[in-house]
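Novice: Here it is, the structure, as structure tokens.
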Amino acid sequence: MQIWMRWANLMILLTAITAEQPTYDVEDTPHLACYNVISSDQERPIVTLQCKQEGDIFIIPDNFNITRMSSAIVHLHITNGLLRSDGFTALPAKSTIRSVQLERFNLNSSHPRFPIDQFFAHVKSHLAVINFSNVKLLHLTSKDFEGFVSLENLRLSYVQVDVLAQSVFERLVPDASLSVLSDFEFSGGVMKSFDWSVLQPIARSLKTLKMDQLSLTASIWYSSGPTFQLEQTSTISLQNNSLRQLPQFFLDSLSKDALVSIELHSSQVAFCLNSNKCGCCDLSMLAYWLKDAGLPLAIRSITCGKKRTTFRTFPGTLVYTAICPKPTTTRRTTVRTSQSLPQVTTSADVSVDRTSQSPQEMSSMELPAMTGNTSHPSFVLEQSSTIAGHGDYTTSNDSPQSPTLITTTYFVSTSASPSSANTNDVTAGDGEITTLKMLLLRAIMTTMSHESVSSFVTESILVTNINLLMFAP
């Protein structure tokens, strides 16, 4: 019985070894240093072409015939190479290829940028995985990843790219199609500009995001597009960056239903450098968000304090003072001038101190005076503001009260009849537009001077943007 069992075990071992034994068929490999590793699943054999060159490099196409590949190739792994810029060189149109891993490519200063779109031209429609490590890309454009409709996993590590623009994934899939990209890693290097809106085209499919060791700071991290939500993103890693605060647009993009973990520890810099822990105002908004989302354990690591201590829980029992920022909301205020009346008259006294008035009293005030002698078209003046929420973050089970939203609409009244010569095709001069802007600004700054601070309530309003829009009469 024991002899039979030994033979059975030996046969199993030999079968396993044979199943993944490398083969060196020159006809199926592009270089003598390459070999095929053959494994199998229940349906068909899986061929992984591995090419690794120590010392010398593979030069495509000079000493590396990339057309010589097994008809069953699924995975391609090449280490230490150069893709020449002269002539057209691309992967052959093998419908079986699913993943490509390249390491140490085009690294010399004399080497050209690695052409992503050219190299993958024949396989982009069915390629699922791209893994680049130490590959000279230098920059990324929307053309690079255009048409990668099946791409699920993209890893770019130390690729010498220091700018991530909004357009990178704009052409990944056709308009109105849903991306399938679920895992995105962009790590290693020194960032100069990072537009968070780069993730918008993949926001609905992304599950894992890794952006480590980029020397990322809040000053170069911005969002140029509208707010979006990472609907399925459960894991985010921002390790070993230079962050001292997290921007609001980052928090606004998180999904409380999907998020599981965020890694924030760093050996480069720490949050709250002037304190012993993580209790400074720079982290108050993150703490509010976590409490409101019911995710007290989502922060798996964060480095804080003078001693750069890494904590495994946040916010824990931390209490933030009343002077720390509160959750904000945005409101819109409009001012309209009547199309048919040429003269605008108001009677607000902007010299009056209104800090003691309530928001309701201030919302009824009139605008400063303006007079004119020509007909005016209709105008909409939009003022975007933020109003702080009420209530301080505490360690109790009570959630902070909802932010207060106050909507105020100012109407400019007039008292003259329109000029018959200017009833059609009315236009406004630059002087009139400037005057309207100045009037609105004076009124808003007077009205918004209200600030009430108590031990329980903090309300502050910040004018962030004023736009003047003209619409048809």
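Heads up: the sequence shown is residues -19 to -1, 1 to 454, going by mature numbering (1 follows the signal peptide of the UniProt record, and there is no 0). Backbone N, C-alpha and C fix where the C-beta goes; we use that ideal spot for every residue, glycine too.
(1) When we look at the beta-carbon of G275 and count the other beta-carbons within 10 Å, is it buried (16 or more) or exposed?
(2) Label E133 either buried or exposed according to how many other C-beta atoms from any shown protein chain fall within 10 Å of its C-beta, with 16 as the threshold for buried.
(3) Can you check whether the CB of L195 is closer than 9 angstroms to the CB of S234?
(4) Just list the residues that DSSP pairs R136 with in beta bridges.
(5) Could you tell me if V300 is buried or exposed, where buried requires 16 or more neighbouring beta carbons within 10 angstroms of its beta carbon?
(6) When DSSP labels each residue in this structure, what does Q194 get in the three-state scheme?
(7) What's the C-alpha gap between K75 and Q181?
(8) For V154 versus V179, is the C-beta spacing smaller than 9 angstroms?
(9) Using a Cβ-Cβ cut-off of 6 angstroms (strictly less than) and excluding sequence neighbours within five positions of S123, which residues of its own chain qualify?
(10) Which residue's Cα is closest to the Cα of K117: S215, C259, N89?
(11) Given V140, which residues of its chain have a CB within under 6 angstroms of its CB, disregarding the five upstream and five downstream residues?
(12) Look at the alpha carbon of D37 and the alpha carbon of R65, and state the distance between them as a whole number of angstroms.
(13) Name the DSSP bridge partner or partners of F292?
(14) In three-state DSSP terms, what is L264?
(15) Assess, as a yes-or-no matter, whether the stretch 184 to 203 is touched by the stretch 160 to 176 under the definition of 3 or more beta carbon pairs within less than 8 angstroms.
(16) Please report the distance separating the alpha-carbon of K191 from that of V55.
(17) Along the alpha helix (DSSP H) that carries I97, what are the first and last residues, could you check?
(18) Can you give the beta carbon distance from F100 to L72, rounded, assuming they're within the 8 angstroms contact cut?
(19) Give me the Cα-Cα distance between D43 and D125, rounded to the nearest whole angstrom.
(20) Going by CA-CA distance only, name the one from T290, F292, V250 that's closest to A199.
(21) Leaving aside the five residues before and after I47 along the sequence, list all residues of the same chain whose C-beta is less than 6 angstroms from its C-beta, in chain order.
(22) Roughly how many angstroms separate the alpha carbons of H92 and L245, rounded to a whole number?
(23) Taking DSSP as the reference, what is the three-state secondary structure of K33?
(24) Among the residues of its own chain, which have a CB less than 7 angstroms from the CB of D143, if the five just before and after it don't count?
(25) With a floor of 3 residues, list each beta strand (DSSP E) that falls wholly inside the stretch 39 to 75, ordered by position along the chain.
(26) Bridge partners for Y269 per DSSP, in chain order?
(27) If we ignore side chains and look at the alpha-carbon of each, how far apart do Q34 and N61 end up?
(28) Determine the extent of the beta strand (DSSP E) in which F175 is found, giving its start and end residues.
(29) Measure the Cβ-Cβ separation of P308 and Y269 and say whether it is below 9 angstroms.
(30) Strictly by DSSP, which residues pair up with Y203?
(31) Spatial neighbours of V110 within its chain, please: CB distance less than 6 angstroms, with the 5 preceding and 5 following residues excluded, ordered by chain position.
(32) Which residue from P228, R281, S242 puts its Cα closest to that of P306?
(33) Give me, in chain order, the residues of the same chain whose beta-carbon lies closer than 8 angstroms to that of I183; leave out the 5 immediate sequence neighbours on both sides.
(34) Does DSSP classify S319 as helix, strand or coil?
(35) Rounded to a whole number of angstroms, what is the C-alpha to C-alpha distance between D98 and S256?
(36) Can you tell me whether S234 is helix, strand or coil according to DSSP?
Specialist: Once the coordinates are examined:
(1) That one is exposed.
(2) So E133 counts as buried.
(3) Cβ distance not < 9 angstroms, so S234 and L195 don't count as in contact.
(4) Partner(s): N112, E166.
(5) Answer is exposed; the Cβ neighbour count stays below 16.
(6) Secondary structure of Q194 (DSSP, three-state): coil.
(7) The alpha-carbon atoms of K75 and Q181 are separated by roughly 31 angstroms.
(8) V154 is not a Cβ neighbour of V179, given a cutoff of 9 angstroms.
(9) Beyond the five residues adjoining it in sequence on each side, S123 comes within less than 6 angstroms, by CB distance, of S148, E151, R152 in the same chain, given in chain order.
(10) For K117, the nearest C-alpha among the options comes from N89.
(11) Shown here for V140: same chain residues with a beta carbon closer than 6 angstroms to its own, the five before and five after excluded, namely F113, V116, L118 in chain order.
(12) The C-alpha of R65 is placed about 15 angstroms away from the C-alpha of D37.
(13) As DSSP reads the structure, F292 sits in a beta bridge with I283.
(14) Correct three-state label for L264: helix.
(15) A contact exists between the stretch 160 to 176 and the stretch 184 to 203.
(16) Distance between K191 and V55, taken at the CA atoms: about 25 angstroms.
(17) For I97, the uninterrupted alpha helix (DSSP H) run begins and ends at 97 to 100, by DSSP.
(18) Confirmed, Cβ separation roughly 6 angstroms.
(19) Between D43 and D125, the C-alpha separation is close to 24 angstroms.
(20) Nearest neighbour of A199 by Cα position, chosen from T290, F292, V250, turns out to be V250.
(21) So the qualifying residues of the chain are P11, I41.
(22) When rounded, the distance between both Cα atoms is 35 angstroms.
(23) DSSP, reduced to helix, strand and coil, places K33 within a strand of the structure shown.
(24) Excluding positions up to five away in sequence, the list reads G170, V171, M172, K173.
(25) For the stretch 39 to 75, whole beta strand (DSSP E) runs of length 3 or above, ordered along the chain, are 39 to 41, 54 to 64.
(26) Checking the DSSP bridge columns, you'll see Y269 has no partner listed.
(27) When rounded, the distance between both Cα atoms is 6 angstroms.
(28) F175 -> beta strand (DSSP E) spans 174 to 176.
(29) Judged by beta-carbon spacing, Y269 lies within the 9 angstroms limit of P308, meaning their Cβ atoms are closer than that value.
(30) Answer by DSSP bridge pairing, in chain order: D176.
(31) Here the set comprises S80, N134.
(32) In terms of Cα proximity to P306, the closest of P228, R281, S242 is P228.
(33) Cβ within range, chain order: F150, L153, S160, L162, F165.
(34) With a pLDDT of only 42 at S319, under 50, the local geometry of the prediction cannot be trusted, and the value read off the model is given with reservation. In this structure, S319 counts as coil in the three-state DSSP scheme.
(35) Here the C-alpha atom of D98 lies approximately 49 angstroms from the C-alpha atom of S256.
(36) If DSSP states are grouped into helix, strand and coil, S234 belongs with the helices.
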